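Asker: Just so we're aligned: the sequence shown equals residues 1 to 303 in full-length UniProt numbering. Cβ coordinates follow ideal geometry from the N, Cα and C atoms, glycine included. Quick caveat: nothing in here was measured; it's all calculated off a predicted structure. Sharing a structure, written as structure tokens. Questions coming.
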Amino acid sequence: MTKQTVVVALGGNALLRRGEPLEAEVQRHNIEIAVKTICEIANEYNVVLVHGNGPQVGLLALQGLEYKKVSPYPLDVLGSETQGMIGYMLMQEFKNQMPGINATCMLTQMTVDPSDPAFADPTKPIGPIYEEAEARELAEKYHWTIKPDGQHFRRVVPSPQPTGIVEHEAITALIDQGHLVICTGGGGIPVKRENGKLVGVEAVIDKDMSAAFLAKQLDADALLILTDAEAVYLDWGKPTQHALRSTTPTELAKYQFDAGSMGPKIEASCEFIKQGGKVVGIGSLQDGLRILQGTAGTNITKG
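Spelled out as structure tokens, the structure:
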């Protein structure tokens, strides 16, 4: 029987957890844990993997600011660097855990609209967390925009909506050949079309929205968003908090979700369902396969 195709969105914070040192070996350890879960899914599904890059691209930006002899590299270039770095670690670990698998990383450019209102209101957090005083000092020094992130602060950058996948045909060809494809990492490298040419854009696209866009383009059977929450919760952090186990975009539209965490995941999920997607699962990394089986996490369907 032909396997169904699932697009799996793995958060950048699953690779570098909040408060952990931004070390390569820490990422390797976390990737080993993540790949174990994704291999379970890959035994039963064709997997297309999208990963986040918020902590990683922020670290590269910080490192670039410290070397004064060249201008800092733009965010689209840093995004491509994170795709290569994280993709390499993921491919290596897939080979270590499933030697017979063909795991391929595709550097992926994602087109955006230069007139997207996101450019006037940066919202995408990147880099490490800071205490307020340090965050404001860095913002003044480097002309950053900073916003609260829980009890801390982080740098935020524009996060425009994806409008097209430049390497779509190559990704499809690899899937047809049975590859586990790692693509649109960090939401894709943001580019625009200008005078007939592709040009990089200073932004970081939300990886969940890109994963939903990719899943629709591929006509995937499911979208799975893996995060650090066990499910979608109402009244988060209150004594009345409770999980939504099965829901619809219509029901979710009644509630307000944190724009810095669950909000973009809900928005991406509802967009996928509204565009004809069958099901979205949201939940914790270790429950990946169970979420797809409907026994854990939150399932979102048209209803």
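Going by DSSP, what residue range makes up the alpha helix (DSSP H) through Thr82?
Answerer: Indexing the sequence shown from 1 puts residue 82 at position 82. Element bounds for Thr82: Leu75 to Gln97.
Asker: According to the neighbour-count rule (16 or more other Cβ atoms, all chains shown, within 10 Å of its Cβ), is Ile31 buried or exposed?
Answerer: Sequence index remark: in the sequence shown, residue 31 carries index 31 (1-based). Of the other Cβ atoms in all chains shown, 16 or more fall within 10 Å of the Cβ of Ile31; this residue is therefore buried.
Asker: Three Cβ pairs or more, each shorter than 8 Å: is that satisfied between the stretch 4-14 and the stretch 200-214?
Answerer: These segments touch.
Asker: Within this structure, are the beta carbons of Ile205 and Val112 separated by less than 8 Å?
Answerer: Stepping through the sequence shown from its first residue, residue 205 is reached at position 205. Stepping through the sequence shown from its first residue, residue 112 is reached at position 112. In this structure, Val112 lies closer than 8 Å to Ile205 by Cβ.
Asker: Three or more beta-carbon pairs under 8 Å between the stretch 91-106 and the stretch 187-197, yes or no?
Answerer: no
Asker: Just list the alpha helix (DSSP H) runs in the stretch 240-268, keeping only unbroken ones of 4 residues or longer that don't cross its boundaries, in chain order.
Answerer: 249-252
Asker: Would you mind working out which of Asp219, Met91 and Leu252 sits nearest Asp235, comparing C-alpha positions?
Answerer: Taking the first residue of the sequence shown as position 1, residue 235 is located at position 235. Comparing Cα positions, the closest option is Leu252.
Asker: Would you be able to state if there are at least three C-beta pairs under 8 Å between the stretch 151-159 and the stretch 132-142?
Answerer: yes
Asker: Taking the DSSP output, what are the residues bridged to Ala9?
Answerer: Translated into positions along the sequence shown, residue 9 becomes position 9. Bridge partners of Ala9: Val50 and Ile225.
Asker: State the start and end residues of the unbroken beta strand (DSSP E) segment that holds Val166.
Answerer: On the sequence shown, residue 166 is found 166 positions in, with the first residue counted as 1. That residue, Val166, is in no beta strand (DSSP E); it is neither H nor E in DSSP.
Asker: Residues in the same chain with beta-carbon distance under 7 Å from Glu81, minus the five sequence neighbours each way, listed in chain order, please.
Answerer: Stepping through the sequence shown from its first residue, residue 81 is reached at position 81. The residues are Leu60.
Asker: Which residues share a DSSP beta bridge with Ser284?
Answerer: As a working mapping, residue 284 is identified with position 284 in the sequence shown. Answer is Thr227.
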